[in-house]
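Participant: So the sequences go chain by chain: B and A. Going by the working numbering, the first residue of the first sequence is number 1, and it counts up by one from there. Going by the working numbering, the first residue of the second sequence is number 1001, and it counts up by one from there. Glycine included, every Cβ here is placed at the ideal spot set by N, Cα and C. One structure coming up, written as structure tokens, with questions to follow.
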Amino acid sequence: MKTKDRPDRKPRSQRARRYTQLMAAVLYNCNFRGFAEGKISKGSLKGVCTPGLNCYSCPGAVAACPLGSLQSALVNARYRFPYYILGTLLLMGLFLGRFICGFLCPVGLLQELLHKLPSPKIRKSRATRVLSHLKYILLAVFVILIPLWKLAPGFCKFICPAGTFEAGLSLTFKNKFLRTMTGTLFSWKVLLLTLIAVLCVVCFRAFCRFLCPLGAIYSFFNPVSLFGVRVDQSLCTHCDACVKSCPMDVTKVRDRECIQCGMCISSCPTGAIHFGVKDAKRKGSEGVSVVSAAPSHEPIHKVAERPVSRTSQFRRRALIITAIILFIAGASLLGIGLYTGGFQDVMNKAIRICYECIGIG
Amino acid sequence: MRKPIAIVLILILLTAMASLAGCSMPGSSDAEPTLAVTTPTPTTEAAVTPGDATPTTAPDRFPNRANADTGNGTPKELAANDVAPEFSLMMNDWATFRMSDHDDEVVLLNFWATWCGPCVSEMPDLMKLAKENIPGFTIRFISVGDESGTVAQFVEENGYDKSLIGCAAGTRISEYYPCDYIPYTVIVVNGIVRETLIGSRSYNDYKSILNKYIGK
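Printed below as a string of structure tokens:
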């Protein structure tokens, strides 16, 4: 017999999400001895990138940060093309998209916990929607241009609050010598961390929505990602209850701002939203809202009878072809990267403490 | 039925991640090698490219000296008054640098990587120091985060003296000179470690540090 969630409790999918977030955060940072000794892990897993943002200079981190590895690879791109990290990001984006932000990012979990603190809250608006584009600018300038031109990991060095929190504060707390090396940059990074933390208290996932370049990268894959939130178009009445209930700056389910957390599932009056794997044969169950808008008052049985339009079919096929191309490209890049020593490159960087992550330099 | 499928998928994903994490956890924070290995691992690259070590025997002056070439001795974090571990490394000019050959000198060993901004930024200052040809002073740059080809490209691109720069890939040097932080600089006087320095410094800083040891 199916059990129903109590109204005062979170839906089961949200409780499962919280457990998954916690498990991911612990798994990424399970080198507990490192916290005690103030030393970072040097295990071979440091050549593998975690899906979510997690500083590899954190004493607990057992794997590499994808964003830090990308910047480091771009700094060295004049010597070696970053096949490995690009392939990794492409495949992670293709399989999970921003589902990673919703389920597998420790920084996302921290932001959500901060937002639980009692305070006045800023709700999403046109202004937050505009601000959500800022992360693409940060991606272009601090993650791509500064590493390529100035040969420094710009985001890690000047912005990354994960690096300041996980690596900077924990390592300088344990290491007296490091404390003597901190200066203006460290002060700036701690100030920025504090501001972001305060912003996260009043604004849901403020860093994720406005600043995170990794979220920006994964957002490009949301329309084609193979796993995540799905909308059954045969049931959708386009009432927008999902968009209204979502605290992110989404305009429709699975657009670039959607972190696929599934909070909208319980808000859908027709049960049209669910988690699932992309199924090419399943007509009418499509990840992206593509059918021409029907009036919200249209009866459900009428909506269900609507034929899938040609545009919809064409778009679905285009997305499938794109996904196949991306998969081939990602697998090829990863293969070439592994063959050319990309794994070792990522590990070489990740097993040594990054001054930029700490805020020294 | 859809929620359980999602949860099962998540659990599979996490189990896969957990198994991967489990692979590295036993040696996660202490990747120092086990001492059972007593011979260096020869690599194909070792015979043909700069940056590879040639096994040597321990010198008589320090009979119990740790040796990165043979694997003798316990690799540990270096501190003042430790005997500098023996190693040989082929520099980018194909000449071999052997630590024990410089036991009567002041040696500055700079551990760096091409992707390390502070390392690259302090290199011109250290090169300036090297060009002064101070008697009884030797300086070597040992890359601990790159492949030898990358280091060779870096040296060519910047026009640095090839005889001063080598790559530790394929050797155990970074185990015997453990450096979580780079740039990491070790100052060795007459075979004994006098100072270990973390972080980049200016020409004047290095000069004042070295003045304590050179000619004394």
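Closest to V1188/A by CA distance: which of N1092/A, P1118/A, K1212/A and T1074/A is it?
Facilitator: The residue given as residue 1188/A occupies position 188 in the second sequence. Answer by Cα proximity: K1212/A.
Participant: Whose Cβ in chain A lies nearer than 9 angstroms to the Cβ of G183/B?
Facilitator: Taking the first residue of the first sequence as position 1, residue 183/B is located at position 183. The contacting residues do not exist; G183/B stays about 11 angstroms from chain A at best.
Participant: Any idea if A1152/A is buried or exposed, counting beta-carbon neighbours within 10 angstroms, 16 or more meaning buried?
Facilitator: Here residue 1152/A corresponds to residue number 152 of the second sequence, with the count starting at 1. So A1152/A ends up on the buried side.
Participant: Looking at the unbroken beta strand (DSSP E) that takes in V277/B, where does it start and where does it end?
Facilitator: For the purposes of this step, residue 277/B is taken as residue 277 along the first sequence, with counting starting at 1. I273 to V277 is the extent of the beta strand (DSSP E) around V277/B.
Participant: Would you say G1199/A faces chain B, with C-beta separation under 8 angstroms as the test?
Facilitator: The residue labelled residue 1199/A in the question sits at position 199 within the second sequence. With 8 angstroms as the cut-off, G1199/A counts as an interface residue toward chain B.
Participant: Starting from R378/B, follow its DSSP beta bridges and name the residues at the other end.
Facilitator: An answer regarding residue 378/B cannot be provided, because it is not within the stretch 1 to 361 covered by chain B.
Participant: Could you name the residues of chain B that I1209/A contacts, counting a contact when the two beta carbons are closer than 8 angstroms?
Facilitator: Translated into the one-based positions of the second sequence, residue 1209/A becomes position 209. Correct list: empty, because the minimum Cβ distance to chain B is about 16 angstroms.
Participant: With 8 angstroms as the threshold, decide whether the Cβ of S1202/A is near any Cβ in chain B.
Facilitator: Here residue 1202/A refers to the residue found at position 202 of the second sequence. The beta-carbon of S1202/A is placed no less than 8 angstroms from the nearest beta-carbon of chain B.
Participant: Output yes if chain A places a C-beta closer than 8 angstroms to the C-beta of L193/B; else output no.
Facilitator: What you label residue 193/B is simply residue 193 of the first sequence in a count that begins at 1. Not an interface residue.
Participant: Compare the C-beta of R80/B with all C-beta atoms of chain A and state if any pair is closer than 8 angstroms.
Facilitator: To locate residue 80/B, count along the first sequence from 1; it is residue 80. Yes, R80/B lies at the interface with chain A (some Cβ there is under 8 angstroms from its Cβ).
Participant: Against chain A, does G97/B count as a neighbour if the rule is that its beta carbon must be under 8 angstroms from one of theirs?
Facilitator: Here residue 97/B is taken as the residue at index 97 of the first sequence, counted from 1. G97/B does not count as touching chain A.
Participant: So, does the CB of Y1177/A fall closer than 8 angstroms to a CB anywhere in chain B?
Facilitator: The residue labelled residue 1177/A in the question sits at position 177 within the second sequence. Answer no: the Cβ-Cβ gap between Y1177/A and chain B never drops below 8 angstroms.
Participant: Determine the burial state of N76/B: buried for a count of at least 16 other Cβ atoms within 10 Å of its Cβ, exposed for fewer.
Facilitator: Here the question's residue 76/B lines up with position 76 in the first sequence. Counting Cβ neighbours within 10 Å, N76/B comes out buried, since at least 16 surround it.
Participant: With 8 angstroms as the limit, tell me which residues of the segment 1162-1193 of chain A have their beta carbon closer than that to any beta carbon of chain B; keep them in chain order.
Facilitator: Closer than 8 angstroms at the C-beta level to chain B, one finds these residues of the segment 1162-1193 of chain A: C1179, D1180, Y1181 and I1182.
Participant: Would you check if the distance between the CB atom of A331/B and the CB atom of L96/B is smaller than 8 angstroms?
Facilitator: For the purposes of this step, residue 331/B is identified with residue 331 of the first sequence, where counting begins at 1. For the purposes of this step, residue 96/B is identified with residue 96 of the first sequence, where counting begins at 1. Contact flag unset, no.
Participant: Going by alpha carbons, who is nearest to F165/B out of C239/B, L214/B and F35/B?
Facilitator: By one-based count along the first sequence, residue 165/B stands at place 165. Per the Cα distances, F35/B.
Participant: So, does the CB of K174/B fall closer than 8 angstroms to a CB anywhere in chain A?
Facilitator: Reading the first sequence from its first residue, position 174 is the one you call residue 174/B. So no, K174/B is outside the interface.
Participant: Between which residues of its own chain and I1214/A is the CB-CB distance below 8 angstroms, once the five residues before and five after are set aside?
Facilitator: For this step, residue 1214/A is matched to residue 214 along the second sequence. Excluding residues within five positions, the ones whose Cβ falls inside 8 angstroms are V1106, I1134, G1136 and F1137.
Participant: So, at 6 angstroms on beta carbons, what are the nonlocal neighbours of V1155/A in its own chain, with the 5 sequence-adjacent residues on each side left out?
Facilitator: By 1-based counting over the second sequence, the position of residue 1155/A is 155. Here the set comprises N1092, K1162 and I1165.
Participant: Just mark S57/B as buried or exposed, buried being the case when its beta carbon has 16 or more other beta carbons within 10 Å.
Facilitator: Locating residue 57/B in the first sequence gives position 57, counting from the first residue. Flag for S57/B reads buried.
Participant: Taking the C-alpha atoms as reference points, what is the distance between F220/B and S1208/A?
Facilitator: Indexing the first sequence from 1 puts residue 220/B at position 220. Indexing the second sequence from 1 puts residue 1208/A at position 208. Answer to the nearest angstrom: the Cα atoms are 53 angstroms apart.
Participant: G38/B and P66/B look like a contact to me (Cβ under 8 angstroms); what is the Cβ gap, rounded to whole Å?
Facilitator: By 1-based counting over the first sequence, the position of residue 38/B is 38. By 1-based counting over the first sequence, the position of residue 66/B is 66. Not quite, the Cβ-Cβ distance comes to about 24 angstroms (not below 8 angstroms), so this is no contact.
Participant: With the cut-off set at 8 angstroms, would you say A1084/A and I1192/A are in Cβ contact?
Facilitator: Here the question's residue 1084/A lines up with position 84 in the second sequence. Here the question's residue 1192/A lines up with position 192 in the second sequence. Yes, they are a contact pair.
Participant: Could one say the Cβ of T1150/A lies closer than 8 angstroms to chain B's Cβ atoms, at least one of them?
Facilitator: As a working note, residue 1150/A is residue 150 in the second sequence. For T1150/A, the answer is yes, since a Cβ of chain B falls inside 8 angstroms of its Cβ.
Participant: With DSSP as the reference, label G1166/A as helix, strand or coil.
Facilitator: Here residue 1166/A refers to the residue found at position 166 when the second sequence is read from its first residue. If DSSP states are grouped into helix, strand and coil, G1166/A belongs with the strands.
Participant: Taking the CB atoms as reference points, tell me whether I159/B and F186/B lie closer together than 8 angstroms.
Facilitator: To locate residue 159/B, count along the first sequence from 1; it is residue 159. To locate residue 186/B, count along the first sequence from 1; it is residue 186. Not closer than 8 angstroms, so no.
Participant: Could you check whether the Cβ of F1141/A sits closer than 8 angstroms to any Cβ belonging to chain B?
Facilitator: Translated into the one-based positions of the second sequence, residue 1141/A becomes position 141. Output row for F1141/A: interface = no.
Participant: Terminal residues of the continuous alpha helix (DSSP H) containing M1090/A?
Facilitator: By 1-based counting over the second sequence, the position of residue 1090/A is 90. That residue, M1090/A, is in no alpha helix (DSSP H); its beta strand (DSSP E) goes S1088 to M1090.
Participant: Verify whether the separation of the beta carbon atoms of L334/B and G47/B is less than 8 angstroms.
Facilitator: In the first sequence, counting from the first residue as 1, residue 334/B sits at position 334. In the first sequence, counting from the first residue as 1, residue 47/B sits at position 47. No.
Participant: State whether the segment 200-210 of chain B contacts the segment 244-252 of chain B, with contact taken as three or more CB pairs (one from each stretch) at a distance under 8 angstroms.
Facilitator: yes
Participant: Mapping DSSP to helix, strand and coil, what is N175/B?
Facilitator: One-based indexing of the first sequence puts residue 175/B at position 175. Residue state, collapsed to three classes: coil.
Participant: Chain B beta carbons: is any one of them nearer than 8 angstroms to that of T1074/A?
Facilitator: As a first step, residue 1074/A must be located in the second sequence, where it is residue number 74. No, T1074/A lies away from the interface with chain B (no Cβ there is under 8 angstroms from its Cβ).
Participant: For A1113/A, go through chain B and note every residue whose CB falls closer than 8 angstroms to its CB, in chain order.
Facilitator: Counted from its first residue, the second sequence places residue 1113/A at position 113. N348, K349 and R352, listed in chain order.
Participant: Helix or strand or just coil, what does DSSP make of L1109/A?
Facilitator: For the purposes of this step, residue 1109/A is identified with residue 109 of the second sequence, where counting begins at 1. In the structure shown, L1109/A sits in a strand (DSSP, three-state: E or B).
Participant: Just checking my contact of Y83/B with G342/B at CB under 8 angstroms: how many whole Å lie between their CB atoms?
Facilitator: Taking the first residue of the first sequence as 1, we reach residue 83/B at position 83. Taking the first residue of the first sequence as 1, we reach residue 342/B at position 342. Contact holds; Cβ gap of about 6 angstroms.
Participant: Chain B beta carbons: is any one of them nearer than 8 angstroms to that of E1122/A?
Facilitator: Residue 1122/A sits at position 122 when you count from the first residue of the second sequence. It does not; no Cβ of chain B falls within 8 angstroms.
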